[in-house]
Amino acid sequence: MSEIRKNVTVITGTGGIGLAIARSLALNTHLVLADYSPTQLNAAAQALRDEGHTVTTHVTDVSDWKSVQSLAETAAQVDGPIATIVHTAGVSPVQAPPARIYEVDLLGTAHVIDAFLPVVGAGATLTVIASMVGHYVVGKLSPEFETHLATAPVSSLLSHPQLESSGFDRSDPAKAQTMTAGAYCTSKRGNILRVQAAARAWGLKGARINSVSPGVINTPMSRMEAERGAGGHIQKLVDESPMRRKGTASDIAGMVAFLASPAASFLTGSDYLVDGGSVAVHRWGSA
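Residue numbers (my numbering): -10 to 276.
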């Protein structure tokens, strides 16, 4: 008796959000997990296998085109069609200098969008995990720069004067914080725009592409941010938000699962905030 073919679900990034999404989508699917860290990747894969799930792993540096292309080819060769891709891999301002943030968070997302387009078919979905900070810079970037972020070929995406980061110096903490935060906000804005710009090409394949912008989520990454000096700012965001709590990885996984489901079949090219209302308060305050 032949084994029933399973759909394939690809998830880049195996941190708190990535692992929660993997668990929410794992039923009756073949998981392909990707991460830069072999140690973290193998630990996540083993945890899921121990729960009875089928998992293939692929060490991937999303900032490297050939690495992402290899991931897409690996996923396409698994026995079953690619149904869902979720891109969670990224670095935060406390983890990397501006140049690396642009390489991983901005260029890496463009690589995933481009590499998976040739291997998906009708009904497939890609969800990119962006961030609410991408909404904080709405209206602050020039139309020309936003067009570049949305549509520039990956070969020239980082070749823009406003992405220059050669002046970065950690010996000047205030300047360093401003530059890393700026790189992160710009990259996440670029993610949202890139998804919008890719919607037509994905639609021609019968596939959908969206982004999800988390707010303050209780994950190892956000705890690291708090421990390295951003704790006061993070708590202020939580206290001023309508929900007055940090989100959970499950909050994000729930939205991703919905976007990957037939119930979201008319949704593409859009960003969905899961931020407890933080962006609304940022824009309107107590009005």
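Even glycine gets a Cβ: it sits at the ideal position worked out from N, Cα and C.
- Taking R233 as the centre and dropping the five residues before and after it, the same chain places the C-beta of V227 closer than 7 Å to its C-beta, in chain order.
- Under the three-state reduction of DSSP, H76 is assigned to strand.
- Its chain contains G4, G5, S81, Q84 as the residues whose beta carbon lies nearer than 8 Å to that of M210, once the 5 sequence neighbours on both sides are disregarded; these appear in chain order.
- Ranking V21, K55, S120 by CA distance to the CA of I71 puts V21 first.
- By the criterion of a C-beta distance shorter than 6 Å, H149 is surrounded in its chain by H137, once the five residues flanking it on both sides are discounted.
- The C-beta separation of T1 from A23 comes to about 5 Å, placing the pair in contact by the 8 Å criterion.
- If you draw a 10 Å sphere on the C-beta of L115, you find 16 or more other C-beta atoms in it, and that means buried.
- Of the other Cβ atoms in all chains shown, 16 or more fall within 10 Å of the Cβ of H19; this residue is therefore buried.
- Residue ranges of uninterrupted beta strand (DSSP E) with 3 or more members, entirely inside the stretch 14 to 55 and ordered along the chain, are 18 to 24, 43 to 48.
- The Cβ atoms of A64 and V117 do not sit closer than 8 Å to each other.
- In this structure, G236 sits away from G110, with a CB-CB distance that is not shorter than 8 Å.
- Of the residues W54, N17, E62, the one whose Cα lies closest to the Cα of E40 is N17.
- When the alpha-carbon of V126 is set against those of S160, Y173, I198, the nearest one is in Y173.
- If you look at Y261, you'll find it in the beta strand (DSSP E) that goes 260 to 263.
- Under DSSP, the beta-bridge partners assigned to G236 are I206.
- In this structure, the CA atom of R197 is about 41 Å from the CA atom of R159.
- Counting only residues of its own chain and dropping the five nearest sequence neighbours on each side, A15 has a CB closer than 6 Å to the CB of H42.
- By the CB criterion at 8 Å, V270 and H124 fall outside the cutoff.
- By the neighbour-count criterion, in which 16 or more other beta carbons inside 10 Å mark a residue as buried, L193 falls on the exposed side.
- For the set F247, P231, S26, the Cα lying nearest the Cα of W273 is the one of P231.
- Here DSSP, grouped into helix, strand and coil, assigns L226 to helix.
- Counting of Cβ neighbours within 10 angstroms places R189 among the exposed residues, the total staying below 16.
- When the beta-carbon positions are compared, V201 and V245 come within less than 8 Å of each other.
- Pairing L95 with G179 gives a Cβ-Cβ distance under 8 Å.
- By the Cβ-count criterion, P87 is buried, with 16 or more other Cβ atoms from all chains shown falling within 10 Å of its own Cβ.
- Restricting attention to A99, V122, L60, the CA atom closest to the CA of L262 is found in V122.
- Rounded to whole angstroms, the separation of the alpha carbons of S176 and A11 is 24 Å.
- Under the three-state reduction of DSSP output, S267 falls in the helix class.
- Among the bridge pairs identified by DSSP, N199 is matched with T116.
- Beta-bridge partners of I0 (DSSP): L22, V75.
- For T175, the enclosing alpha helix (DSSP H) stretches over residues 162 to 193.
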